[in-house]
Amino acid sequence: MSNTLSGKRIAILVTDGFEQAELTGPKDALEQAGAKVEILSTKEGQVKGWNHDKPADDFKVNLTFKSANIDQYDAVVLPGGVQNSDTIRVDVDAQQIVKKADSAGKPIAVICHGGWLLVSAGLVKGKTMTSYKTLKDDLINAGANWVDKEVVKDGQWISSRQPDDIPAFNRELIQALSA
10 MSNTLSGKRI AILVTDGFEQ AELTGPKDAL EQAGAKVEIL STKEGQVKGW NHDKPADDFK
70 VNLTFKSANI DQYDAVVLPG GVQNSDTIRV DVDAQQIVKK ADSAGKPIAV ICHGGWLLVS
130 AGLVKGKTMT SYKTLKDDLI NAGANWVDKE VVKDGQWISS RQPDDIPAFN RELIQALSA
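The sequence shown maps to residues 10 to 188 in the working numbering.
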């Protein structure tokens with residue numbers, strides 16, 4: 010275990026229906042690098058992950074979006090999963106978190122359908138990013154430059170397409186937080 014990210018605190022924003030690998034892959038990599046990772050959600054208690062179209066494990070929520078203070082975090086991670094992403098994209102508190110993180114220059118790392126929150130928060134215009142292929146039109150229509158790559162970095166933003174891209178996504182995120 011490395012302590013590259015010792016002292017760093019990372020917020021992962023999810024609710025029920027997130028793609029489990031897109032939470033556990035980054036969370037495990039960040040923790041192995043020494044970061045403290047917390048799950049923020051629409052609700053207290055637990056959230057349920059999914060493995061594609063099947064229910065998976067429950068995860069403890071550390072704080073609700075409403076009670077979280079983004080100033081206390083060094084980065085935000087947005088896993089995908091259709092149900093998760095469709096729910097949090099319209100959550101005003103989640104939108105405020107990503108808006109504040111973006112304006113503070115904090116890394117925002119998004120994978121798969123997680124970009125919907127950034128679209129709804131009005132943040133993607135002029136950004137180069139990737140996503141799961143079904144979000145391509147949404148991102149382009151919101152003003153993003155969409156590219157089909159394993160991982161894309163634009164300023165403090167990091168984006169990936171799908172679970173297969175998680176190793177590259179994790180490397181880019183850890184590198185950004187180590188700088």
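No residue lacks a Cβ here, since even glycine has one placed at the ideal position from N, Cα and C.
Restricting to Cα atoms, I'd like to know which of the options is closest to residue i.
i    : options                : result
D62  : N12, A30, E181         : A30
Y141 : L127, D157, S76        : D157
K69  : D80, G54, I79          : G54
M138 : W166, D173, L32, A44   : W166
K115 : I97, T13, D163         : D163
D147 : C121, V160, E159       : C121
A65  : T73, G124, V56         : V56
V23  : V86, S169, K136        : V86
A38  : R170, G152, T13        : T13
P172 : K17, P35, S50, G26     : P35
I21  : G43, L186, I117        : I117
S50  : S76, W155, I183, A188  : S76
K136 : V101, S168, E159, A110 : S168
I need the DSSP call for residue i, collapsed to helix, strand or coil.
i    : result
A84  : strand
G58  : strand
V46  : strand
S169 : strand
When burial is assigned at 16 or more other CB atoms within 10 Å of the CB, is residue i buried or exposed?
i    : result
S94  : buried
S129 : buried
S52  : The question names Ser, yet the displayed sequence has Lys at residue 52. When all chains shown are included, K52 counts as exposed.
R98  : buried
S112 : exposed
D174 : buried
R170 : buried
S11  : exposed
D83  : buried
Q184 : exposed
A5   : With the chain covering 10 to 188 only, the question about residue 5 has no answer from this structure.
Which two residues bound the contiguous alpha helix (DSSP H) that contains residue i?
i    : result
D37  : 29-41
V91  : 91-97
L182 : 175-187
L148 : 145-150
Leaving out the 5 sequence neighbours to the left and right, which residues in its chain are closer than 6 Å to residue i when beta-carbon positions are compared?
i    : result
G89  : E28, E31, I120, C121, H122, G123
W125 : S94, R98
D67  : Q55, K57
Would you kindly report the start and end of the unbroken beta strand (DSSP E) that includes residue i?
i   : result
A20 : 18-22
K63 : 63-69
D8  : Outside the shown range of the chain, which is 10 to 188, sits residue 8, and nothing can be said about it.
Apart from the five residues on each side of it in sequence, which residues of its chain come closer than 8 Å, Cβ to Cβ, to residue i?
i    : result
D25  : V56, K57, Q92, N93, T96
V133 : G124, L127, L148, A151, G152, A153
I106 : A20, L22, L49, F74, A77, I79, V85
T33  : G58
Apart from the five residues on each side of it in sequence, which residues of its chain come closer than 7 Å, Cβ to Cβ, to residue i?
i    : result
N60  : Q29
K145 : W155
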